[in-house]
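In my numbering, the protein residues as written are 140 to 466.
Ideal Cβ placement from N, Cα and C applies to all residues, glycine included.
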Amino acid sequence: MLATPKPLTDPLSLHHDAIVVDLHNDIMLDVQSGKRDITRRTPVGHSDLPRFREGGVDVQVFALFVHPSEADRGRQRVSALLDAFERLAVANRSALAPVTSTAEIRELQGTGRLAVVLAVENASALEGDPDHVDILFRRGVRMMGLTWNNSNGLADGALESTHGGLTSVGLAVLRRMQDVGMVVDVSHLSEKSFWDVFAATRGPIVATHSNAAGLTPHRRNLTDDQLRALAERGGMVGVNFVPAFLGGASLAQVLEHVTYLVSVMGADGVALGSDFDGFTGRVNGLEDVSQLPALTAALLDRGFEAETIRKILGGNALRVFGEVWGR
Ligand SMILES: [Zn+2]
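So, in structure tokens, the structure goes:
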């Protein structure tokens with residue numbers, strides 16, 4: 140008897156067949172500090188290499204985070220995180236590989252290896268030198284946000300205003316990023332900084348891990364105007380699983396934000412930006428990255444078309460990466 144092919148609307152088949160891209164994960168902090176061995180499956184935190192695989196993640200953005208308290212030694216800090224990533228990648232060649240192009244991502248698809256995109260969170264990593272963008276680019280960094288929540292020499296962050304938006308150094312950094320082909324992440328910016336960055340850039344820019352302020356008012360979330368502006372540029376927002384930005388701690392709230400974001404931005408503007416291992420606590424129904432197929436099932440239940448779900452899971456992210464990276 141011939142086997143019947145599974146229909147595309149089977150959630151697990153759809154999830155594992157789709158390219159799944161998550162735009163923000165903070166696991167490198169634990170890797171660099173030696174706090175845990177992420178090559179083993181444990182219940183600690185939200186992710187590790189086995190759980191990325193169970194969750195069907197094909198591409199994971201690893202955030203290289205510079206805390207404001209480390210801003211005066213930001214280069215050293217990011218260098219230490221990059222060193223730790225390189226050691227991890229060399230020791231686990233069969234499990235993951237760094238990527239800097241969508242061609243490399245497609246090559247890795249189906250091999251069971253996790254494609255890792257490196258991103259700097261808080262450009263205090265440059266210690267004020269726009270030329271340092273090139274150094275980070277050479278080491279594989281393909282995305283960067285100018286600030287974390289604080290204000291730095293480049294721009295104001297979401298929770299602190301001292302400059303009134305973007306500074307001249309921040310502008311020079313943006314220019315360098317766009318010249319080399321580095322994705323501009325606006326998730327942690329203040330609203331004024333967001334609009335300054337929007338005006339100073341061309342092409343798609345991205346809010347990798349933020350939600351809709353129209354649904355959950357929070358300074359880390361984006362207004363409808365900001366969301367529409369991102370969409371008009373061909374950019375996107377990655378849905379964040381932090382309970383404070385969701386307005387609750389359940390899969391239902393994630394679904395509400397996805398639905399809202401799609402209604403404001405269209406299906407081409409929405410992606411995933413879990414923030415896993417960047418917060419404490421759990422989202423019911425989406426406790427860790429291994430539970431990600433539950434989101435696909437919930438989206439199907441909600442009536443989203445399979446093609447729309449593929450875009451949200453990773454299609455949109457790949458499109459934007461390809462556009463900014465040029466390959
Ligand atoms: Zn963040």
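Taking the Cβ atoms as the reference, residue 162 lies roughly 6 Å from residue 348, within the contact range of under 8 Å. In terms of Cα proximity to residue 156, the closest of 223, 168 and 435 is 435. Counting of Cβ neighbours within 10 angstroms places residue 229 among the exposed residues, the total staying below 16. A distance below 7 Å separates the beta carbons of residue 370 and residue 405. In this chain, the alpha helix (DSSP H) harbouring residue 225 covers 213 to 230. In the structure shown, residue 343 falls within a coil segment according to DSSP collapsed to helix, strand and coil. For residue 430, the secondary structure class from DSSP, reduced to helix, strand or coil, is helix.
Beta-bridge annotation (DSSP): residue 199 is paired with 161 and 255. Taking the Cβ atoms as the reference, residue 287 lies roughly 19 Å from residue 382, outside the contact range of under 8 Å. The beta carbons of residue 254 and residue 213 sit no closer together than 7 Å.
Across the set 149, 394, 299 and 453, the C-alpha of 299 shows the shortest separation from the C-alpha of residue 328. The beta-bridge partner set that DSSP reports for residue 176 is empty. In the structure shown, the three-state DSSP call for residue 322 is strand. Judged by their CB atoms, residue 312 and residue 375 are not nearer to each other than the 7 Å cut-off. Residue environment for residue 466: exposed (fewer than 16 other C-beta atoms within 10 angstroms of its C-beta).
In the displayed model, residue 422 falls within a strand according to three-state DSSP. For residue 389, DSSP records a beta bridge to 423. With distances taken between CA atoms, residue 198 lies nearest to 411 out of 443, 462, 417 and 411. Boundaries around residue 463 are those of the alpha helix (DSSP H), 455 to 464, since no beta strand (DSSP E) includes it. With 16 or more other Cβ atoms inside 10 Å of its own Cβ, residue 352 counts as buried. Going by C-alpha positions, residue 151 is about 6 Å away from residue 432. By the beta-carbon neighbour count (other beta carbons within 10 angstroms, threshold 16), residue 441 is exposed. Rounded to whole angstroms, residue 407 and residue 176 show a C-alpha spacing of 36 Å. Residue 356 sits in coil when the DSSP states are folded into three classes, being neither helix nor strand.
With respect to residue 414, residue 166 sits apart: the two C-beta atoms are not nearer than 7 Å. Counting C-beta pairs with one atom in each stretch, the region 179 to 198 and the region 423 to 432 have three or more that are closer than 8 Å, which means they touch. A distance of 7 Å or more separates the beta carbons of residue 424 and residue 159.
Distance between residue 346 and residue 359, taken at the CA atoms: about 10 Å. DSSP places residue 330 within a helical segment (H, G or I) once states are collapsed to three. Shown here for residue 266: same chain residues with a beta carbon closer than 6 Å to its own, the five before and five after excluded, namely 213 and 214 in chain order. The DSSP-derived three-state label of residue 293 is coil.
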